[in-house]
Structures are given as C-alpha cells and as structure tokens.
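Notes follow once the structure below has been shown.
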Amino acid sequence: MNFATWSIRNPIPSILLFMMLTFAGIAGFNALPIQNFPDMDLPTVKITLSLPGAAPSQLETEVARKVEDSLATLSGLKHINTSITDGMVSITAEFVLEKPLSDALIETKDAVDSVRSDLPTDLLQPTVSSVTIGADPLVTYAVSSSKMDEEALSWFVDDTLGKTLLSVKGVGKFERIGGVNREVRITVDPAKMAALGVSATEISRSLKQVQMESSGGRTQIGNGEQSIRTVATVSQAAELASMPIALLDGRTIHLDQVATISDSVSERSQQALLDGKSTIGFRFYRAKGYDETDITTNVRATIETLKEAHPDLTITQVNSSVDYTLQQYEGSMHMLYEGAILAVIVVWFFLKDWRATVISAVALPLSIIPTFAAMHWLGFSLNTLTLLALAVVVGILVDDAIVEVENIVRHKQMGKPVRQAAEEAVTEIATAVMATTLTLVVVFMPTSLMSGVSGLVFREFGWTIVISVLVSLLVARLITPVMAVYFLSGSHESEKPDGPIMQRYLGAVNWCLAHHKTTILAAIAFFAMSIFLMTTLETGFIPASDRGYTTASLELPPGSSLEQTVATAETARLALKDIEGVAHVFTAIGTAQAAGAGATQAGEVRKGALTIAFAPRGERRSQKAIEQDIRAHLIDVPGA
C-alpha cells in the first residue's frame, strides 16, 4: 500500500492536512512583505571618518591610508573604494560572497579600532556599518513653507518631520536634502588680540570648556544624599559675548573684546531645487524585511497629519519607487490569475468532463496557497521573482493531477468500480508521476543554488518553484485520488469520441511519425533559427523598466564652487523643461552620491543630480523614448 491508496482508504487525515496547510498559506500570504526585489546581504561594509576642517590631502595621508593598510590584512577582502572630501573620508570594503556579513562587520570594526591610536586625536568617532543592497529611497519629497525661513524649515525637517517619520514602523533611515545647519560663528579680530596680548590658543581653550556638564560626585545635605553636577553652559549664543577668558599671565578679558559673535548658519555645502525654486527635500528608506507599500501608506498618512497641523507647509512628492513596485505586484498577480484560468480551460478542452476538470483544477490552489506558508517561514517576500516563479509553474502544477485523473478514468471505463479503478490507477502511475515531479525539481533546483550575485537574486525564484511543485505532487498523491473516488462515482459515461480539434492534432502526430526524417530536420532548422534570433536580442541582467522617473548626474571640475554647480544644473534643467512628458525636475547639489552596491561616497559641491519625474504613464511616451530626448538635450551642457 502506498500513500495514494492509504489516502483513499483514510481520507480524513489527508483532508485535515490540506485544510491546515491552506489556513497556514493564507496567513503566510497576508504576512509576506511586498517588495520589488529580494533583500540581498552582500558582505559590504562602509566606514565613515570625519575630521572637521581637514583638507582632503591631509585626510589621505593621516587617515585614509592608515585605515586602508589595516583593512588590507583582512581575509576575503575583494575591493576597497575610498572617497575623500573636505573633512570626511568614506571607505567601502567589499568582501567575497562567501564571507558572512556579520564576520565582515566585526573584523572591519576591529581593523579600524586597531589603528585608532595612530589617527588624529580630534578625529570624530568612526562609524562602521553594513551596506544593505538595493536600499534605494522609497519616496523623495520636497517641502516648502510660507512662514518659516530656510534655517527654521531645515530644523523643522530634522527635528519634527524626521523624528515623526522614523517612528513609522519599517522606516529604517531618513535623510534631508539641501537646507542649512545652524552655526554660532566667532570671528576674532587680530588687531584687538595683538593689542590685548591674547592668542588664538587661549580663546580656543576657553571655548572648549563651554557647554560642558560633568559629574561632581555626591554630598550629604542634612539626612539625605544629593548628587552634584559641574555645569558650564550658556543658554543663548549672545551670552558668549560676556564669557570670561583667563589668560596665562593672570588677566581676564571678555570674548566680545577680541571677537564678534553671530548666530547664523554654516557655510552652505548642499542645495536642493524643485523646478528651479529653492526648496528642502527629504527621503526615507525601508528597513530590511518590511513591506514597501505598507511603509509608504503609513508615511503618507503621517505627512497628511503633519500638513493639517502645519497649514503653511507644502510637501510635494518628487519620485517614488513604491508605485512601480505596486504595479509590478498587481501585474504579477493578474498574470498568475490569468495563467490559472487558462490552465483550467485547456484541461477542460482535453478532458471534456467537468468532474475531471474540477478535480485537476483543485490542485492549483492547494499547491500555490501552502507555498506561501513555506515562503513566509523561509523569510521570502512577494517580489517580482517569487511571483514570476508561481506564474511560470502555474501550468505545471496540474500535470500530476491530470495524469492521475486520466488514468483513473481509463480504468473506470474498463468497467471497474470507481474505488478499485482509483487504487489500481494511482498505483500504476506512481512512478511516472514522481519521476515527472522530481525531474522538474532537478531542473529548477540549480537556479536556487547558483553562486554569485545571480544566485542571491534567483534563490527565492528557484525555491518557490521547487516547493510548489513538491506540494503539487503531495496533492496528486493524497487529495486527487480521494476526490476522484467521490466525484467520479456517479459518472457512468463511456469513452467519448475525439472532437475535431483532437482529430486534427492526432492527424498531425501521425504525419510526423510517418515522416520522421522531415520532422527531425524541421526541428533542427527551428532550433537553429531560434539560436540565431537569440543573438539579435539585447542582453542585460535586469530588463529596462518604466519607473516614472530617471536621474541625470552632474560633475564639474575639481575646485568648482557650489554656485557654479547650481548654475550648471539650472542650465541642464532649462534644457529639459520643454521635453514632452517631463513633469518636474528636482535638483540636489552636494548630497552623498551612490557608489555602487548600495554604498555611498561623500558628497561634494561640484557634484549634483537631477531627478526628472515623468507624467503619469498613460499621458506620456515610454521612459526609454523620453530618456533618449534627455540625452540629446544634455549633450551640450558641460558636466552633464
């Protein structure tokens, strides 16, 4: 007795098993996050070192080279990419794929700590973090206000807006684009310093003691104990004017005797513009494992709440990768539904029996739904590849059930009772059904076991197919025979004659068998033509997509100022404004630039990017056509 005959004699356990699998699959489907592509953890680590005021040449010799020499000794290191700007060094260490990310992160941190004593004493604490692949911003916004100036709006974005969005579940990172930072500037007067005999070192030493609080121990007051703090702070920048400065010769002067204090903003190092008007942008990123659509929906609701509380705010969406992800998800689900319906229709055309068609069609949901439970347990997501896998395999999932039903019907037409026909048919066909299923497993399993980046991308694709095919085998061996016994028990129809479609098909088969040489030559010619046509197709790892926006980068010669970069960006924007299909152009100057593999390079004022947002898809041409026009219009813009 095998599983199929046992299921016929004991149907309750099989039915209960698939009821539980179905409920688990429904729960797993609801819990699966929606993403564009799977999360990939490449062993890539980013090190950021900051020394305010230092020149790039100083940072190269005193910081970057020492850290690079320490990193070079790590095992499995593949590449080191270093970017240096004024006051900041950004190093990206890429390891071989076999290196666990946790090990790469720990070893990189240890390597940086080992040379910490050789680095400048005033270097800020280095940050070592892992790089999340594919961590592109979900949505970018531009914000402006009719009441707040740029300084106040920048603080509002950092303090209120940033903290509010970071409290949304699933938001892993928030960034401000453009704007300014508050700075208390102390401008010393060399003539006054010389007249009073004050050195810059004495002023600097006194300023370092401002805004400091430290523990002063504990003291007994009456019968109780109180802690003591040493406080040296000022509440307002204006109070610095009267700050005493103790000189080495015992004299004391006030700061305003040798310097001018101003509460303003720091020198601008980045700027954002929307359609040529100065603005402040912000963007947020997804934390690993969360649903992109849920995060964006919650963020948009939060932004609407903020706009109601601050009517002076105008927040405009610049671009969104989530809309494209949602379109891909809906398109993949429709393709899955259409494939399932077409598969059932084809089965009905060939079996010509609604009972047999229903038995075969049940294999589709019973194979696909439990697969969602396994996907959730394995940490997968509903992305382009997993949904593509289900769409590819949807026509295969009914094969085992069709073979079993057809064989049961054949035995039943021999005059056997339906139970006897089912038991003998499923036993007879067991080896063929298992061989067919395991062949599909062997075909698709290597897809999930590939090495390199391709393996990381297609791992979920391969496992999704393998799991669904194995579940379909389980359905064919446990559920299909039980349904056949009860659904086909009242059917006493004899074998029906072939219809006109089947007659033409069998006639073509007979002709091919009678002319096997001609058939083989035609097959070889068809195969050769297919190979030739394949060479004419464009190649690429991921096909071009229509995301509704594109990005154009700007890079001016070293030494270019922020004003020159902004002027060049405006020249590029004006060259694009008349292109059909362009809705908005968002310009970001001096922000951190992508360095590949999800890493970033330090921002420079001579670099910028234009995010060109398109009109809705139904109101414009394809993205490829618009991008061709953009390249043609930017060819004469220097640096673009």
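The letter at position 158 of the sequence shown is residue 1368 when you use the working numbering, and the numbering goes up by one with no holes.
Backbone N, C-alpha and C define an ideal beta-carbon position, used for all residues, glycine too.
Cutoff 6 Å; reference residue i; Cβ partners in own chain excluding five residues on either side
i	result
Val1685	Ala1573, Leu1576 and Ser1577
Lys1256	Thr1302, Ser1339, Val1341 and Ala1809
Ser1356	Asp1522
Leu1315	Val1255 and Ser1340
Ala1631	Ile1618, His1621 and Lys1622
Thr1462	Pro1454 and Ala1456
Val1408	Val1468
Arg1428	Glu1435 and Ser1437
Val1367	Arg1386, Ile1490 and Phe1492
Start-to-end residues for the alpha helix (DSSP H) that takes in residue i
i	result
Ala1241	Pro1221 to Ala1241
Ile1555	Val1532 to Leu1561
Phe1671	Gly1662 to Phe1697
Met1453	Per DSSP, Met1453 belongs to no alpha helix (DSSP H) and is neither H nor E.
Leu1160	In this structure the chain extends from 1211 to 1850, so residue 1160 is not present and cannot be described.
Leu1844	Gln1833 to Leu1844
Leu1375	Gly1372 to Leu1376
Ser1327	Ser1327 -> no alpha helix (DSSP H), and no H or E assigned at all.
Gln1713	Pro1710 to Ala1724
His1586	Ala1573 to Trp1587
Phe1867	Beyond the ends of the chain as shown, which are 1211 and 1850, falls residue 1867; an answer cannot be given.
Ala1601	Thr1594 to Val1603
Extent of the continuous beta strand (DSSP E) run through residue i
i	result
Gln1623	No beta strand (DSSP E) holds Gln1623; DSSP gives it neither H nor E.
Asp1473	Ala1469 to Val1475
Val1349	Val1349 to Ser1355
His1794	Val1792 to Ile1799
Ser1300	Met1298 to Phe1305
Thr1337	Thr1337 to Ser1340
Ala1823	Lys1817 to Phe1824
Asn1291	Leu1287 to Thr1295
Ala1497	From DSSP, Ala1497 is part of no beta strand (DSSP E); its letter is neither H nor E.
Val1381	Val1381 to Ile1387
Leu1406	That residue, Leu1406, is in no beta strand (DSSP E); its alpha helix (DSSP H) goes Pro1400 to Leu1406.
Sequence-distant residues of the same chain with beta carbon closer than 7 Å to residue i, five excluded per side
i	result
Val1628	Lys1622, Val1695, Leu1698 and Ser1699
Thr1594	Asn1246, Phe1247, Gln1538 and Ser1542
Glu1393	Ser1474, Val1475 and Ser1476
Asp1504	Gly1380
His1843	Ala1785, Leu1786 and Ile1789
Ala1447	Val1394, Ile1471 and Asp1473
Val1554	Thr1567 and Ala1571
Cys1722	Thr1729
His1289	Glu1304
Residue i versus residue j - alpha carbon distance
i	j	result
Ser1755	Ser1531	11 Å
Ile1569	Thr1524	58 Å
Thr1729	Asp1501	51 Å
Ala1321	Gly1372	33 Å
Pro1400	Ile1413	12 Å
Met1655	Ser1661	13 Å
Thr1760	Thr1749	21 Å
Ile1294	Ser1327	21 Å
Ala1804	Leu1552	With a pLDDT of only 39 at Ala1804, under 50, the local geometry of the prediction cannot be trusted, and the value read off the model is given with reservation. So the alpha carbons of these two residues sit roughly 44 Å apart.
Asp1313	Ala1732	56 Å
Gly1806	Arg1830	Only weak support exists for where Gly1806 lies, its pLDDT of 38 falling under 50; the value from the coordinates is given anyway. Taking the straight line joining both Cα atoms gives about 30 Å.
Pro1336	Asp1296	16 Å
Gln1811	Gly1800	Confidence at Gln1811 is low in this model, with a pLDDT of 45, below 50, so its placement is unreliable and the value that follows should be read with caution. So the two alpha carbons sit approximately 11 Å from each other.
Glu1317	Lys1383	24 Å
Thr1746	Leu1287	38 Å
Sequence-distant residues of its chain with Cβ nearer than 8 Å to residue i (five each side left out)
i	result
Leu1683	Asp1610, Val1643, Met1644 and Thr1647
Leu1766	Gln1774, Thr1775, Thr1778, Arg1816, Lys1817, Pro1848 and Gly1849
Phe1919	This structure gives no information on residue 1919, because the portion of the chain shown stretches from 1211 to 1850.
Thr1781	Val1847
Ser1280	Ala1321, Val1322, Ser1324 and Val1325
Thr1350	Ile1387, Gly1491, Phe1492, Arg1493, Gln1527, Val1528, Asn1529, Ser1530, Phe1796 and Thr1821
Leu1458	Glu1412
Residue i classed as buried or exposed, judged by whether at least 16 other C-beta atoms fall within 10 angstroms
i	result
Leu1259	buried
Leu1650	buried
Leu1376	exposed
Ala1482	buried
Met1229	exposed
Asp1359	exposed
Pro1243	buried
Pro1330	exposed
Phe1742	exposed
Cβ-heavy atom distance, residue i to the ligand PLP, below 8 Å
i	result
Thr1331	As presented, the structure is devoid of all ligands, the ligand PLP included, so that no description of it is given.
Min CB distance residue i to chain C below 9 Å
i	result
Ala1550	The question asks about chain C, but that chain is absent: this structure has only one protein chain.
Within the segment 1247 to 1275, ranges of the beta strand (DSSP E) (whole runs, at least 3 residues): 1254 to 1260
Please list the segments of the alpha helix (DSSP H) lying wholly inside the segment 1727 to 1760, counting only runs of 4 or more residues, in order along the chain. none
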